[in-house]
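Everything on this sheet refers to the single structure shown next.
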Amino acid sequence: MISLGLRGSLRCRLSRILIQRDSFKWHALMAVFLTCVFSCSQAQTVHSLLTAKPQDARLSGFEFMGESTRALQLDASQNPAMLSVREGEQLWSARIGSKQAACQDCHGNANESMRGIASRYPAWDGAIKRPVSLSHRINLCRSRYLGMDQSLIEGPATLALEAYLALQSKADRITSVDDPNVLPWLENGHRLFEKRIGQIALSCADCHEHRAGSRLGASVIPQAHPTAYPVYRLQWQSLGALSRRIRGCFSGIRAELPEPYSDPMVSLELYLRQRAAGMPHEGPGVRP
Amino acid sequence: MTTQPLRSQTAPSKDAQFTLPDHSPDADRPLASSYEDAIKRFRGPRNLIPGRIKLNIAVLIDNGNTVPISIAVIPTPHSLSNIESIAVFSERNPQHEVIRLTVEPGHSSTEVASRIRLATSQKLIAIANFEDNTCCSDEVDVIVTLAACLEGEG
Amino acid sequence: MRGALIRIRVSISHPMETGYRRSSEGERLSRNIIKKFSCMLNGDLIFSADLYPAISANPYLSFQHRAARSGELTFLWEGDGGFKHVERVIMSVQ
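Chains as they are written, first to last, in this note's numbering: chain A, -16 to 271; chain B, 95 to 248; chain C, 15 to 108.
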């Protein structure tokens, strides 16, 4: 298989080209059969990895979507999130900002130093004395050490880097929250999850806890585990972080939107992480 | 990555009137006025032959914004002619043209794939034209579901 | 291997704005799509696609090629507003 690595300006059009021998048109019938069997068993292995243990009632949003959407996520050559991963990979080594420094100057190879990072966030930031999401951490790092402009908060570059780092967490288990510093935010997040808000007066739990698996219109309500963020949401036709999804929910129930990186936002993200502790991270995923 | 904030697309109701832009931005790509017209114009006077083409698409779609499709064209014992072009048309999108493909000359079989938008539940047809002035088609009925929670902010 | 059937998959980041959507202020968002994709091997066209607004954002295409000769593959995307993007890959066939 030839995968084209692309270079270019940071804001150039991201494109991906994959060339591989097309086994399915191989003229030997047995070869075609074996390929199909291998593909099925490979898909089964990944499927098993992604589902929770039988005694665990928790299910990733992956389980609630249709076959074709699942196939989109599982195939890296088709997963639309991979375009952002490619951009993030370029940004990781790009010299930028007033200091002309790059992420890799401190962190080296992301696939070594950033292993499992997305499954450990939100996490405590000692400098600002509060927990921060991975997106916020990337922004803080880039402004502190690369001299980047903080006004690019939740911008495309931050998202692309988050996607690249989320890929380094693929198949790692989301870790339990055990830092006592963040406990007040974790408790706040639990409280917010149960609290009815907005014009429609619904809480997160009303849909994602008590009615998960039933339908809202034609859509099946998932359990709201952050196992595949940042996610390419078909509804958005673009990539978005967990904070974007949370804001979408608040908007849907006609509640005031929490500000990016605010206390309510990070509290909810922290609680969702704890709620999903032990579930495998899927890397940047696809959702309807 | 797009620099324009995207908003969720919701499918219009059955009775909604689609307003086409004031004029087609492509003078060289005139649009068909109906689904049947689009099919007729692409087929031309070609004879329709059975089989040879398969349009693969999920019957129940999670979200009409991104629907994976694939089209497979294979020769049959009675039809070995090379492919000239392949087109896909939608019954109920604002424009009926979806995609038109030209494959490498001298090939009687191919498999292509893409991702398309479907405005609502509808029929979709894939047509292949061959060098011997024949054509074949495969039509499918798809059901498109919507996100029930409408987000104001994308 | 010479004569092997290979699959080429391409995707590119692009909003593929249909021209039918309206902003939250009610203004129509003007069409901005990729209209044509072409793949050439040593200058010979091996695949092309005319894309319409019905093609999803960040358009993805997958097609086949029988690898009979080595050469340079050129991928070209063209669209509204003079949009043009080119990528090149050297393909070696043994």
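Note that beta-carbon positions come from the ideal geometry of N, C-alpha and C, so glycine has one too. The model shown is predicted, which means the values in this text are computed figures rather than measured ones.
Checklist entry - Can you tell which of R230(A), W219(A), Y212(A) and H173(A) has its C-alpha closest to the C-alpha of L301(A)? => result A query on residue 301(A) cannot be resolved here, the shown segment of chain A reaching from -16 to 271 and no further.
Checklist entry - Around the C-beta of E31(C), are 16 or more other C-beta atoms found within 10 angstroms, so that it is buried, or is it exposed? => result Sequence index remark: in the third sequence, residue 31(C) carries index 17 (1-based). That one is buried.
Next on the checklist: Using a Cβ-Cβ distance cut-off of 8 Å, determine whether A82(C) contacts chain A.
Outcome noted: Mapped onto the third sequence, residue 82(C) falls at position 68. So no, A82(C) is outside the interface.
Checklist entry - Under three-state DSSP, which class holds T158(A)? => result Locating residue 158(A) in the first sequence gives position 175, where the first residue counts as 1. Here T158(A) sits in coil by DSSP.
Checklist entry - What residue ranges within the region 117 to 169 of chain B form continuous beta strand (DSSP E) runs of no fewer than 3 residues, ordered along the chain? => result 147 to 151 and 161 to 167
Item to check | E95(A) - containing alpha helix (DSSP H), residue span | outcome: By 1-based counting over the first sequence, the position of residue 95(A) is 112. First-last of the alpha helix (DSSP H) with E95(A): A93 to S96.
Next on the checklist: With H, G and I counted as helix, E and B as strand and the rest as coil, what does DSSP make of I121(A)?
Outcome noted: In the first sequence, residue 121(A) corresponds to position 138, counting from 1. Helix, per DSSP.
Checklist entry - Hey, does I219(B) have any beta-carbon neighbour from chain C nearer than 8 Å? => result Counted from its first residue, the second sequence places residue 219(B) at position 125. Not one chain C Cβ lies under 8 Å of I219(B).
Next on the checklist: For the region 77 to 90 of chain A against the region 208 to 217 of chain A, do three or more pairs of beta-carbon atoms, one drawn from each stretch, fall closer than 8 Å, so that the two count as touching?
Outcome noted: no
Item to check | L59(C) versus V182(B) - alpha carbon distance | outcome: As a working note, residue 59(C) is residue 45 in the third sequence. As a working note, residue 182(B) is residue 88 in the second sequence. When rounded, the distance between both Cα atoms is 21 Å.
Item to check | Pick from N157(B), I165(B) and V167(B) that is closest to T52(A), judged by C-alpha positions | outcome: Taking the first sequence and counting its residues from 1, one reaches residue 52(A) at position 69. Residue N157(B) is the option with its Cα nearest to T52(A).
Item to check | Within-8 Å CB hit, N187(B) to chain C | outcome: Locating residue 187(B) in the second sequence gives position 93, counting from the first residue. Closer than 8 Å to some Cβ of chain C, the Cβ of N187(B) qualifies, so yes.
Item to check | Within-8 Å CB hit, A166(B) to chain C | outcome: Within the second sequence, residue 166(B) is the residue found at index 72, counting from 1. Judged by the 8 Å Cβ criterion, A166(B) is not in contact with chain C.
Checklist entry - Going straight from the alpha carbon of A153(B) to that of V236(B), what length do you get? => result Sequence index remark: in the second sequence, residue 153(B) carries index 59 (1-based). Sequence index remark: in the second sequence, residue 236(B) carries index 142 (1-based). It is Val, not Ala, that sits at residue 153(B) in the sequence shown. Roughly 5 Å separates the two Cα atoms.
Next on the checklist: Mapping the DSSP letters down to three states, classify T273(A) as helix, strand or coil.
Outcome noted: Any question about residue 273(A) goes unanswered here, given that chain A covers just -16 to 271.
Checklist entry - Would you call the CB atoms of I221(B) and R123(B) closer than 8 Å? => result For this step, residue 221(B) is matched to residue 127 along the second sequence. For this step, residue 123(B) is matched to residue 29 along the second sequence. Taking 8 Å as the Cβ cut-off, I221(B) and R123(B) do not qualify as a contacting pair.
Item to check | Exposed unless 16 or more other CB atoms sit within 10 angstroms - verdict on E242(A) | outcome: Numbered from its first residue, the first sequence carries residue 242(A) at position 259. Exposed, since its Cβ has fewer than 16 Cβ neighbours within 10 Å.
Checklist entry - On the premise that P73(C) lies in contact with I26(C), defined as a C-beta separation below 8 Å, what is that separation, rounded to the nearest angstrom? => result Counting from 1 along the third sequence, the entry for residue 26(C) is found at position 12. Counting from 1 along the third sequence, the entry for residue 73(C) is found at position 59. Contact flag correct, Cβ pair sits at about 6 Å.
Checklist entry - Going by other Cβ atoms of all chains shown within 10 Å of its Cβ, with 16 needed for buried, is D232(B) buried or exposed? => result Numbered from its first residue, the second sequence carries residue 232(B) at position 138. Flag for D232(B) reads buried.
Next on the checklist: Output needed in chain order: residues of the region 180 to 206 of chain B with a Cβ under 7 Å from some Cβ in chain C.
Outcome noted: S184, N187, P188, Q189, E191, V192, I193, R194, L195, T196, V197, E198, T204, E205 and V206
Item to check | Other residues of its chain near I168(B): CB distance less than 7 Å, five sequence neighbours each side excluded | outcome: Position 74 of the second sequence, counting from 1, holds the residue named residue 168(B). So the qualifying residues of the chain are R146 and S203.
Checklist entry - Measuring CA to CA, which of S118(A), Y128(A), D132(A) and P163(A) is closest to A143(A)? => result The residue you call residue 143(A) lines up with position 160 of the first sequence. Checked all of S118(A), Y128(A), D132(A) and P163(A); the closest Cα to A143(A) is S118(A).
Checklist entry - Mind pulling the chain B residues with CB within less than 8 Å of M65(A)? => result Sequence index remark: in the first sequence, residue 65(A) carries index 82 (1-based). Per Cβ cutoff of 8 Å: no residues; M65(A) is ~12 Å from chain B at best.
Next on the checklist: Is there a Cβ of chain A sitting closer than 8 Å to that of V107(C), yes or no?
Outcome noted: For the purposes of this step, residue 107(C) is identified with residue 93 of the third sequence, where counting begins at 1. V107(C) does not count as touching chain A.
Checklist entry - Shorter than 8 Å from the beta carbon of L166(A) to some beta carbon of chain C? => result Residue mapping note: residue 166(A) aligns to position 183 of the first sequence, counting from 1. Chain C, which has no Cβ nearer than 8 Å to the Cβ of L166(A), makes this no.
Item to check | Contact set between the region 191 to 215 of chain A and chain B, restricted to residues whose Cβ is under 7 Å from the partner | outcome: L199, G200, A201 and S202
Checklist entry - Where R45(C) and W75(A) are concerned, what is the direct C-alpha to C-alpha distance, given to the nearest angstrom? => result Taking the first residue of the third sequence as 1, we reach residue 45(C) at position 31. Taking the first residue of the first sequence as 1, we reach residue 75(A) at position 92. One C-alpha to the other measures close to 33 Å.
Next on the checklist: Taking CB distances under 8 Å as the criterion, tell me whether Q220(A) reaches chain C.
Outcome noted: One-based indexing of the first sequence puts residue 220(A) at position 237. So yes, Q220(A) belongs to the interface.
Checklist entry - CB-CB under 8 Å to R237(A), same chain, minus the five flanking residues each way: which ones, in chain order? => result Translated into positions along the first sequence, residue 237(A) becomes position 254. Taken in chain order, the residues that qualify are G181, Q182 and I183.
Next on the checklist: By the three-class DSSP mapping on this structure, what secondary structure does D226(B) have?
Outcome noted: Along the second sequence, read from residue 1 onward, the residue named residue 226(B) stands at position 132. Of the three classes helix, strand and coil, the one that applies to D226(B) here is coil, per DSSP.
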